[in-house]
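S.K.: Here the sequence shown stands for residues 28 to 214, numbered as in our numbering. Every residue, glycine too, gets a C-beta built ideally from N, C-alpha and C. Keep in mind it's a predicted model, so treat the numbers as computed, not measured. The structure that follows is given in the form of structure tokens.
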Amino acid sequence: MPFGYYNGLNHRQKRIYQESDRVWALPLPDSAALQPLALKIQAALDSGRLDRTQKWSQALLHAITLQLGIRPIRLELLDVRPSNSKMELHGLYYPTEGRTLPRMKLWMRTAKRRQVVAFKTFLRTLLHEVCHHLDYECLKLKDSFHTEGFLRRESSLVQQILPPVVPISHSRRAKAHLNKMPTTKAV
Ligand SMILES: [Zn+2]
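Have a look at this one:
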């Protein structure tokens, strides 16, 4: 975190920031039941089909929120990531109150080369946005910051949901994507 960023927060935000920083993991009730859905997403990405990727990503989101007994998230999966010279957008989360469901946007193709996003990167982005949702729904925070605790919670979700064996070809492809990508951002 840039030092100036924290200093720029008001008293209320600093309190939320500190609360967020204290929680390092979010255990899911039955993560083994979620792993097959992650594999479905992997297959859908491999097929390059947006409709299939939307379907199984939404299914994973639904299963996570159902297990935790919290409000569902409505996913909108889009094609090529928006970008400018400095950054490339991976995902967005829109918190809501009341009856309107929170929304998530994800993109499945890289900006420059328009290649399908590597499975691990896609899953991590999806779970990053889920973490924002859990900040409001599970931790009952009034705001959601990228604290060290937040990033640890994101990693804990990835570890729980990522199937134990990912074929080598996918890992290699993920690395290739990462190396080629310009500065990227998931917010
Ligand atoms: Zn974020």
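Look at residue 227 and residue 154 and say whether their C-beta atoms are less than 9 Å apart.
M.R.: Within the shown structure, residues of the chain are numbered from 28 to 214, placing residue 227 beyond reach of any answer.
S.K.: Need the endpoints of the beta strand (DSSP E) that residue 118 sits in, please.
M.R.: From DSSP, the beta strand (DSSP E) with residue 118 extends over 118 to 121.
S.K.: State yes or no: is the C-beta of residue 98 within less than 9 Å of the C-beta of residue 175?
M.R.: No; because the gap between Cβ atoms is not below 9 Å, this pair is not in contact.
S.K.: Just to check, is the beta-carbon of residue 183 closer than 8 Å to a non-hydrogen atom of ligand 1?
M.R.: Every heavy atom of ligand 1 is 8 Å or more from the Cβ of residue 183, so no.
S.K.: Taking the C-alpha atoms as reference points, what is the distance between residue 44 and residue 181?
M.R.: Distance between the alpha carbons of residue 44 and residue 181: 16 Å.
S.K.: Three-state secondary structure (DSSP) at residue 102?
M.R.: Three-state DSSP puts residue 102 in a strand.
S.K.: Give me the Cα-Cα distance between residue 55 and residue 93, rounded to the nearest whole angstrom.
M.R.: Cα to Cα, the separation comes out at about 11 Å.
S.K.: Look at residue 189 and residue 150 and say whether their C-beta atoms are less than 9 Å apart.
M.R.: Contact: yes.
S.K.: With a CB to CB cut of under 6 Å and the five nearest residues on each side skipped, what residues in its chain are close to residue 215?
M.R.: This structure gives no information on residue 215, because the portion of the chain shown stretches from 28 to 214.
S.K.: Enumerate in chain order the residues of its own chain whose CB-to-CB distance from residue 158 is below 7 Å, with the five nearest sequence positions on each side excluded.
M.R.: Closer than 7 Å at the Cβ level, and outside the excluded window around residue 158, lie 177, 180, 181 and 184.
S.K.: Quick one: Cα of residue 191 to Cα of residue 113, how far?
M.R.: Taking the straight line joining both Cα atoms gives about 34 Å.
S.K.: Under the criterion of a Cβ to heavy atom distance below 8 Å, does residue 46 qualify as lining ligand 1?
M.R.: For ligand 1, not one heavy atom lies less than 8 Å from the Cβ of residue 46.
S.K.: Within the region 117 to 173, note down every full alpha helix (DSSP H) run reaching 4 residues or more, in order along the chain.
M.R.: For the region 117 to 173, whole alpha helix (DSSP H) runs of length 4 or above, ordered along the chain, are 146 to 164.
S.K.: Are the beta-carbon atoms belonging to residue 144 and residue 72 less than 9 Å from one another?
M.R.: In this structure, residue 72 lies closer than 9 Å to residue 144 by Cβ.
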